[in-house]
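Here the structure is laid out as structure tokens; the discussion comes afterwards.
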Amino acid sequence: MISLTSPVETRAHGWPAGAKLAGLCGATMVLFAIKGLNWHLGFLAATLVIYAMPGRQFFQGGMRRLRVLWPFAAIILLWHFFTNDLANGAVIVLRMITAVGLANLVTMTTKLSDMIVVVRWLCAPLRRFGVKTRSVELAIALVVRFTPVLAQKGQTLALAWKARAARRLGWRVITPFAVLAIDDAEHVAEALRARGGL
Amino acid sequence: MERSLTLIALFAALIAALGLVPKFDLAFGVPITAQSMGVMLCGTVLGAKRGGLAALLFVGLVALGLPLLAGARGGLGVFASPTAGFVIGFPIAAFVTGLAMQQFRALPIGWAAGVAAILGGVVVLYAFGIGGLMIMLNKGLLEASGLVLAFVPGDLIKAVLAGFITAGLAKARPASLLSRS
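Chains A and B, in that order, give the protein sequences.
Using numbering that gives the first Met the number 0, you'd call the opening residue of the first sequence number 0 and step up by one each time.
Using numbering that gives the first Met the number 0, you'd call the opening residue of the second sequence number 0 and step up by one each time.
Listed below in structure tokens is the structure:
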């Protein structure tokens with residue numbers, strides 16, 4: 000399955016994932032603590048510079064992911080324009096774009112496997128209390144494997160519906176879809192048990 | 000144990016897959032993504048604990064950077080965006096849905112599931128979603144509620160449909176309806 004890690008290899012790809020996450024936490028707290036408009040203009044500019052450093056392809060990929068924020072930016076600015084509080088609105092919008100931009104940067108420069116290492120590290124205290132965290136990793140692997148499988152089966156169900164029905168695809172197709180998921184789960188559980196279980 | 004794990008994982012995958020398949024049309028042509036219905040089904044089918052864990056697993060994988068949300072969104076940016084409250088609320092919504100489902104044992108399955116899905120998947124989920132909007136956009140309760148009010152009718156319909164679907168699943172795979180076992 001395709002993850003959201005950028006195919007453009009940057010220097011940050013090699014940095015430890017835990018350090019990047021800690022840095023992101025710190026940066027987000029600073030963003031929410033500071034109120035000045037000029038500061039937030041500076042933060043956004045700095046974020047854009049970081050996006051531009053690995054080259055055009057990385058920059059464009061990053062900007063595409065920020066597009067979902069435009070409706071919110073428009074609503075906030077309009078609202079604050081009518082309440083005569085545009086400076087405050089600008090701070091909210093700038094903070095939102097910078098916060099999401101920085102978070103996306105961590106996702107774009109960190110491989111899934113590195114993130115899972117962080118999860119394992121975070122689970123370490125649980126292991127001391129006798130919780131089997133191996134099942135968390137197995138569950139992650141199962142979701143990664145079965146999401147495309149289920150999506151494919153969903154497409155097939157949709158095609159079967161379209162081949163037989165004159166009406167458009169409706170909610171009724173979700174029942175057999177969920178049945179397929181349940182059956183897959185039962186089969187995999189049986190296979191796991193047959194191989195010695197958890 | 001194995002069965003619990005695979006059902007949790009497969010329902011997490013089901014939430015993801017429901018965001019990938021083409022949009023379904025409701026009776027009067029309103030296109031919906033079925034993703035939040037997947038969260039409701041986690042609760043109504045798997046019960047509180049397992050349903051909540053399935054939704055938690057899904058949200059965890061979104062945080063790790065998989066594009067599992069409708070529109071292939073994902074990554075840590077989701078949790079800094081204005082709609083973060085809805086995503087963070089998924090596990091609690093599924094948990095409350097399951098809890099309500101287990102409480103309504105006296106009701107027929109379809110009714111119980113429909114009411115449980117409204118409580119968990121609409122009331123609880125919107126409480127988190129609106130809370131998230133209030134924090135992220137620095138707005139009051141009324142203003143934040145106004146932003147999402149238009150989506151409530153669609154989600155109410157999804158909750159009712161989740162009731163019908165759960166009733167169908169109870170007939171097709173009665174042994175797997177863990178919320179009633």
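Heads up, the beta-carbon is just placed ideally off N, CA and C, and yes, glycines get one too.
Residue nearest to residue i in terms of C-alpha spacing, selected from the options
{"i": "residue 79 (chain A)", "options": "B:38, B:142, B:88", "result": "B:142"}
{"i": "residue 175 (chain A)", "options": "B:2, B:13, B:98", "result": "B:13"}
{"i": "residue 54 (chain B)", "options": "B:81, B:85, B:72", "result": "B:85"}
{"i": "residue 124 (chain B)", "options": "B:169, B:82, B:92", "result": "B:92"}
{"i": "residue 18 (chain A)", "options": "A:40, A:180, A:116", "result": "A:116"}
{"i": "residue 171 (chain A)", "options": "B:178, B:165, B:175, B:174", "result": "B:165"}
{"i": "residue 182 (chain A)", "options": "B:168, B:140, B:180", "result": "B:168"}
{"i": "residue 132 (chain B)", "options": "B:120, B:148, B:119, B:118", "result": "B:148"}
{"i": "residue 69 (chain B)", "options": "A:146, A:187, A:24", "result": "A:146"}
{"i": "residue 152 (chain A)", "options": "B:4, B:15, B:5", "result": "B:15"}
{"i": "residue 135 (chain B)", "options": "A:99, A:142, A:127, A:178", "result": "A:99"}
{"i": "residue 58 (chain B)", "options": "A:195, A:63, A:139, A:197", "result": "A:139"}
{"i": "residue 38 (chain A)", "options": "A:94, A:66, A:72", "result": "A:94"}
{"i": "residue 38 (chain B)", "options": "B:112, B:72, B:105", "result": "B:112"}
{"i": "residue 154 (chain A)", "options": "A:143, A:142, A:173", "result": "A:173"}
{"i": "residue 87 (chain B)", "options": "B:106, B:52, B:105, B:0", "result": "B:52"}
{"i": "residue 197 (chain A)", "options": "A:134, A:69, A:163", "result": "A:134"}
Residues of its chain near residue i, where Cβ-Cβ distance is below 6 Å and the 5 sequence neighbours each way are ignored
{"i": "residue 7 (chain A)", "result": "53, 56, 57"}
{"i": "residue 28 (chain B)", "result": "The pLDDT assigned to residue 28 (chain B) is 45, lower than 50, so where the model puts this residue is not dependable, and the model offers no usable value."}
{"i": "residue 113 (chain A)", "result": "16"}
{"i": "residue 12 (chain A)", "result": "108"}
{"i": "residue 36 (chain B)", "result": "157, 161"}
{"i": "residue 9 (chain A)", "result": "53, 108"}
{"i": "residue 191 (chain A)", "result": "none"}
{"i": "residue 144 (chain B)", "result": "129"}
Sheet register partners of residue i (DSSP bridge)
{"i": "residue 68 (chain B)", "result": "B:72"}
Test: residue i CB closer than 8 Å to a CB of chain B
{"i": "residue 5 (chain A)", "result": "no"}
{"i": "residue 57 (chain A)", "result": "no"}
{"i": "residue 180 (chain A)", "result": "yes"}
{"i": "residue 71 (chain A)", "result": "yes"}
{"i": "residue 170 (chain A)", "result": "yes"}
{"i": "residue 29 (chain A)", "result": "no"}
{"i": "residue 192 (chain A)", "result": "yes"}
{"i": "residue 201 (chain A)", "result": "What the structure shows of chain A is the stretch from 0 to 197, and residue 201 (chain A) is not part of that stretch, so it cannot be assessed."}
{"i": "residue 185 (chain A)", "result": "yes"}
{"i": "residue 64 (chain A)", "result": "yes"}
{"i": "residue 48 (chain A)", "result": "no"}
{"i": "residue 33 (chain A)", "result": "no"}
Chain A contact for residue i (CB, 8 Å cutoff)
{"i": "residue 39 (chain B)", "result": "no"}
{"i": "residue 80 (chain B)", "result": "yes"}
{"i": "residue 175 (chain B)", "result": "yes"}
{"i": "residue 116 (chain B)", "result": "no"}
{"i": "residue 129 (chain B)", "result": "no"}
{"i": "residue 66 (chain B)", "result": "yes"}
{"i": "residue 160 (chain B)", "result": "yes"}
{"i": "residue 85 (chain B)", "result": "no"}
{"i": "residue 2 (chain B)", "result": "yes"}
{"i": "residue 153 (chain B)", "result": "no"}
{"i": "residue 7 (chain B)", "result": "yes"}
{"i": "residue 93 (chain B)", "result": "no"}
{"i": "residue 109 (chain B)", "result": "no"}
{"i": "residue 104 (chain B)", "result": "no"}
{"i": "residue 135 (chain B)", "result": "yes"}
Cut-off 8 Å between Cβ atoms - residues of its own chain near residue i, not counting five sequence neighbours on either side
{"i": "residue 198 (chain A)", "result": "There is no way to answer for residue 198 (chain A), as the model of chain A reaches only from 0 to 197."}
{"i": "residue 168 (chain A)", "result": "157, 160, 161"}
{"i": "residue 76 (chain A)", "result": "85, 88, 89, 92"}
{"i": "residue 48 (chain B)", "result": "94, 97"}
{"i": "residue 72 (chain A)", "result": "92, 95, 96"}
Beta-carbon spacing of residue i, residue j below 8 Å
{"i": "residue 97 (chain A)", "j": "residue 43 (chain A)", "result": "yes"}
{"i": "residue 42 (chain B)", "j": "residue 96 (chain B)", "result": "yes"}
{"i": "residue 116 (chain B)", "j": "residue 158 (chain B)", "result": "yes"}
{"i": "residue 19 (chain B)", "j": "residue 33 (chain B)", "result": "no"}
{"i": "residue 7 (chain B)", "j": "residue 56 (chain B)", "result": "yes"}
{"i": "residue 180 (chain B)", "j": "residue 44 (chain B)", "result": "no"}
{"i": "residue 102 (chain A)", "j": "residue 23 (chain A)", "result": "yes"}
{"i": "residue 83 (chain B)", "j": "residue 75 (chain B)", "result": "no"}
{"i": "residue 137 (chain A)", "j": "residue 4 (chain B)", "result": "yes"}
{"i": "residue 64 (chain B)", "j": "residue 4 (chain A)", "result": "yes"}
{"i": "residue 105 (chain A)", "j": "residue 20 (chain A)", "result": "yes"}
{"i": "residue 120 (chain B)", "j": "residue 99 (chain B)", "result": "no"}
{"i": "residue 9 (chain B)", "j": "residue 184 (chain A)", "result": "yes"}
{"i": "residue 79 (chain B)", "j": "residue 142 (chain A)", "result": "no"}
{"i": "residue 121 (chain A)", "j": "residue 2 (chain A)", "result": "no"}
Own chain partners of residue i with C-beta closer than 7 Å, once the 5 adjacent residues on each side are dropped
{"i": "residue 163 (chain B)", "result": "109"}
{"i": "residue 101 (chain B)", "result": "46, 47, 178"}
{"i": "residue 66 (chain B)", "result": "72, 73"}
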